[in-house]
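Since the structure comes first, as structure tokens, the remarks are kept for the end.
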Amino acid sequence: MVAFYSSALDGVAANPALPTPLLLRLIAFDGGGHGPPFQALHRPGLPESTVAAVLTHPVLDTRVQFAMSSQADAGQRARLADDPSPMVRAAVAGGPEWTHDHRRKVRPLPDAVCGRLLEDPEPSVRSALLGSRHLAPSFLASLVRHPDPAARRAALRVWDELTADGRAALLDDPDPEVRRSAALCACPHDAQLTAALLRDPAALTEALRRGLLDHADAGRFLAEGVHLVELAGNRSLPADLVDRLAVDPDDDVRLAVSLRPELTEARRAAIHFTVAPHARSDVDWVAAGIADQDVLHRAATSAHPLLRRAAARSPHLPPDLLRLLAEDTDVLVHTHLAVYHPDTPEEVLMSVYARLGGTFSAWMATGHPRFPREGLAARYSDHPDGIYRQLAVRDPAGGPALIERLSHDPDVWTRQAATRDPRLPLPRLLEALTLPELASSAGANPALPPSEMAAVMDQAGVPA
């Protein structure tokens, strides 16, 4: 992976020690019509005076960026819900596109604010809201009888939390798309609905995958040899048809059968299937039971790699299953543990970092609260691989001399990591501000004196 270079001003904008007066100065910057640096608007814990300046910033993209910040509090973002620009209101409605960390959840906007956005005169705002991944279940449930069919479709996302009356209303909705989607939600427990959906080409595939099938319908599709992968994963498929699909010539069909939840481990092992080294681990019944200890036990103790990978994505694994998966030889199991579980052992985090250094998953591993720090300098400061030498910077026992040495390292990532460290001696830190590949890291260093931060702004043309 090629190191990314940015300016000293970008670094200063991200500097956690940036004094509020300088931050206010930076926020006011119009950036030639582009607004202040992105990093200034995506800082955690912005002071109120700075938030107020963002909310009234004349550059449109500044308000858009803040509306989409995963670091901003939902209440702060909500203050832009009445912005004069529909682009800003749509950004508020949609919320953060990327949270950077699967372990961190975005707090949803208050229901009352969502209600206002749903009545916005601009279709783009309403559409952004209904497509948001960050809506509260209580708000979604309130949409069952909304006049807009798109809103009623959104209510289906919390089908299991709706009242019986709410479900009935959606199943009898005047809009055919809403009725179809509601029927697909209800069909796992309703054979009559399933039979009707099987006659609807738009719903056929999903109904085969999820619906409550009778033997005749299931047998008909098997005889025709169509949609067999969906059929093989259907929870209601009769046992004799499961047996027939378990020996189907198509490997994808056999793989789908092998993932069925009711199979014993012996029965699963008797199916001839192959799993690609990096195959996705999306298994519906494991995802649905992500906090169910029985489901997690069955998946984590299975010989099937896709089930263990699926279990490893749960942050709710108990200590015994976490230890079991930490000893797994499947590398994707370790990667998922590093990304999703709060108590992943240090050795797993280190193995993921060593294997994937420079990737998003490796970055997630180093950001894990249990990633080791002590002893890294002694172990890795002279390692032949720069990916490991970067780790030496994390050791709190590393002194200024080591940090300065690593700031001259042949590996640019190691130089950047050392340059961000507050133990770096000031003369080298000031020198790094002038070097293109280190300027941003130096600007972000909390030990950079405020006078130097101001000088960076002066040189970038930020008005005082």
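Mapping of the sequence shown onto the working numbering: residues -15 to 448, in sequence order. Even for Gly, the Cβ is constructed at its ideal location relative to N, Cα and C.
Let me know if residue i comes out buried or exposed under the rule of 16 or more other beta-carbons within 10 Å of its beta-carbon.
i	result
Gly359	exposed
Leu119	buried
Gly445	exposed
Trp397	buried
Arg363	exposed
Leu247	buried
Ser122	exposed
Ser435	exposed
Ala448	exposed
Val38	buried
Gly210	In the sequence on display, residue 210 carries Val and not Gly. Label assigned to Val210: exposed.
His392	exposed
Arg204	exposed
Gly79	buried
In angstroms, rounded to a whole number, what distance separates the CA positions of residue i and residue j?
i	j	result
Ala254	Trp269	21 Å
Val76	Pro3	27 Å
Pro449	Leu124	Not covered by the structure: residue 449. The range shown for the chain is -15 to 448.
Pro433	Ala96	44 Å
Leu498	Leu182	It is not possible to answer for residue 498, since the shown part of the chain is limited to -15 through 448.
Pro5	Thr34	9 Å
Ala423	Pro384	19 Å
Gly382	His281	42 Å
Glu249	Ala1	55 Å
Ala202	Ala180	14 Å
Asp(-6)	Arg27	12 Å
Ala283	Glu311	15 Å
Arg404	Ser425	5 Å
Leu321	Ala12	42 Å
Val323	Met348	6 Å
Ala401	Arg373	10 Å
Ala294	His352	20 Å
Asp366	Ser54	37 Å
Leu168	Thr178	8 Å
Pro131	Leu419	59 Å
Asp156	Leu8	55 Å
Can you tell me where the alpha helix (DSSP H) holding residue i begins and where it ends?
i	result
Ser165	Pro160 to Ala170
Tyr364	Leu360 to Tyr364
Glu214	Leu212 to Ala216
Pro70	Pro70 to Gly78
Met441	Pro434 to Ala444
Met348	Phe344 to Thr350
Asp201	His199 to Glu208
Ile274	Looking at the DSSP string, Ile274 is not in any alpha helix (DSSP H), and its letter there is neither H nor E.
Ala175	Ala175 to Leu181
Leu301	Here Leu301 belongs to no alpha helix (DSSP H), and DSSP marks it neither H nor E.
His320	Val315 to Tyr324
Ser242	Asp235 to Ser242
Thr46	Leu44 to Ala51
Ala152	Ala148 to Leu155
Arg251	Glu249 to Ala253
Ala134	Pro133 to Ala139
Val336	Glu330 to Leu340
Phe123	Pro121 to Ala125
Thr189	Leu188 to Arg194
Gly59	Ala58 to Ala62
Below 8 Å CB to CB, which residues in the same chain sit around residue i once its five sequence neighbours on both sides are set aside?
i	result
Leu206	Leu212, Leu215, Leu225, Arg228 and Leu229
Ala138	Leu114, Leu119, Leu124 and Leu127
Pro380	Arg357 and Glu358
Pro430	Asn(-1), Pro0, Ala1 and Pro406
Leu308	Ala284 and Thr285
For residue i, I'd like the list of residues in its chain whose CB is within less than 7 Å of its CB, leaving aside the five on either flank, ordered along the chain.
i	result
Leu306	His325 and Asp327
Gly99	none
His173	Leu196
Leu533	Here the chain comprises residues numbered -15 to 448, so residue 533 is not present and cannot be evaluated.
Arg193	Glu214, Gly217 and Asn218
Val162	Pro133, Arg136, Arg137 and Leu154
Phe257	Asp235, Arg238, Leu239 and Ser242
Ala65	Arg73, Val76, Val97, Arg100 and Leu101
Val48	Met71, Val72 and Ala75
Leu221	Leu197, Ala202 and Leu215
Check whether the Cβ of residue i lies closer than 7 Å to any heavy atom of the ligand SAH, and answer yes or no.
i	result
Phe22	Within the structure as shown, the ligand SAH is missing, as the structure has no ligands at all.
Whose C-beta lies closer than 6 Å to the C-beta of residue i among residues of the same chain, with five residues either side of it excluded?
i	result
Ser69	Leu44
Ala(-8)	Leu417, Ala423, Gly427 and Val440
Ile371	Gly341
Ala186	none
Pro20	Leu10, Ile11 and Phe13
Gly273	Val279
Check whether chain C comes within 8 Å of residue i, counting only Cβ atoms and requiring the distance to be less than that.
i	result
Leu127	No chain C is present in this structure, which holds just one protein chain.
Practice item. With a floor of 4 residues, list each alpha helix (DSSP H) that falls wholly inside the region -13 to 40, ordered by position along the chain. Key: Fully enclosed alpha helix (DSSP H) runs of no fewer than 4 residues occupy -8 to -2, 4 to 11, 22 to 25 and 32 to 39 of the region -13 to 40, in order along the chain.
Practice item. Kindly provide the ranges of any beta strand (DSSP E) runs that are 3 or more residues long and lie completely inside the region 359 to 403, ordered along the chain. Key: Taken in chain order, the region 359 to 403 contains no complete beta strand (DSSP E) segment of 3 residues or longer.
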